[in-house]
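Engineer: Quick note on this note's numbering: the sequence shown kicks off at 220 and runs consecutively.
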Amino acid sequence: MAIKSDRWIRQMAEEHGMIEPFEALQISQVNGERVISFGTSSYGYDIRCSDEFKIFTNINSAIVDPKNFDADSFVDVKSDVCIIPPNSFALARTVEFFRIPRDVLTICLGKSTYARCGIIVNVTPLEPEWEGHVTLEFSNTTPLPAKIYANEGVAQVLFLGADEICETSYRDRGGKYQGQTGVTLPKA
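Here it is in structure tokens:
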């Protein structure tokens, strides 16, 4: 496997709709205001967080169970910012919709701006032929409230090109998160 370059990312986005909407350059200002950067980088793509959030709350004293997750454990928020309570987390989705080629696997890592504030961004790999909006998880590891900015960069996707095409893709096996469009909760 080899990491794909900015040239490859631009070509795949423009010719095959791999990322929509797509920014061909790294954007660090919008309307003259400084933002946490997003768009194409040297060997990856910095994704943005939409303004749709699900903030975890334990108001019902629920048990966090990935096989039977209680949707009532979240408060839905639509805003330009998300305030995550201390030692808690929030879910969001990317602005970008992805269509991953059959010979590509992605790895996503949080941006250092958030990591340096004790905010961990967690995203699982995007598998070959997966498509949809990415569900993002933000963990606030601090004892203070933490702020996430919508429509700004939150993580970087690295694209790994395979030496050969996989035998069974995410689409082939009918993956349960195929085609997700909103903030998607765990499915058993």
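Glycine residues also receive a C-beta, built at the ideal position from the N, C-alpha and C atoms.
In three-state DSSP terms, what is Glu386?
Structural biologist: The answer is coil: DSSP assigns Glu386 none of H, G, I, E or B.
Engineer: Do you know how far the Cα of Thr276 is from the Cα of Leu355?
Structural biologist: Rounded to whole angstroms, Leu355 to Thr276 spans 17 angstroms at the Cα level.
Engineer: Pick helix, strand or coil for Tyr333, following the three-state DSSP scheme.
Structural biologist: Of the three classes helix, strand and coil, the one that applies to Tyr333 here is helix, per DSSP.
Engineer: Quick one: grab the DSSP three-state call for Glu315.
Structural biologist: In the structure shown, Glu315 sits in a strand (DSSP, three-state: E or B).
Engineer: Taking 8 angstroms as the limit between beta carbons, can you name the residues of its chain near Ala281, skipping five residues before and five after?
Structural biologist: Excluding residues within five positions, the ones whose Cβ falls inside 8 angstroms are Asp289, Asp291, Ser292.
Engineer: Determine the DSSP secondary structure at Gln397, reduced to helix, strand or coil.
Structural biologist: Three-state DSSP puts Gln397 in coil, outside helix and strand.
Engineer: Only counting runs of 3 or more residues, tell me where the beta strand (DSSP E) segments fall wholly within the stretch 243 to 329, in order along the chain.
Structural biologist: Entirely contained in the stretch 243 to 329, the beta strand (DSSP E) runs reaching 3 residues are, in chain order, 245 to 249, 252 to 260, 263 to 275, 293 to 297, 300 to 303, 308 to 318, 323 to 329.
Engineer: Going by Cα to Cα distance, which pick from Gly329, Ser307, Trp349 is closest to Arg392?
Structural biologist: Looking at the Cα atoms, Trp349 is the closest of the given residues.
Engineer: Going by DSSP, what residue range makes up the beta strand (DSSP E) through Ala407?
Structural biologist: Note, Ala407: premise wrong, no beta strand (DSSP E); not H, not E.
Engineer: Taking 9 angstroms as the threshold (C-beta atoms), are Arg318 and Met220 in contact?
Structural biologist: Contact: no.
Engineer: Taking just the CA atoms, how far does Phe272 sit from Ser307?
Structural biologist: If you take the alpha carbons of Ser307 and Phe272, they lie about 13 angstroms apart.
Engineer: Tell me the rounded alpha-carbon separation between Val402 and Leu310.
Structural biologist: If you take the alpha carbons of Val402 and Leu310, they lie about 7 angstroms apart.
Engineer: Figure out for me which residue from Arg312, Ala381, Ile339, Val340 has the closest Cα to the Cα of Gly351.
Structural biologist: Among Arg312, Ala381, Ile339, Val340, the Cα nearest to that of Gly351 is on Arg312.
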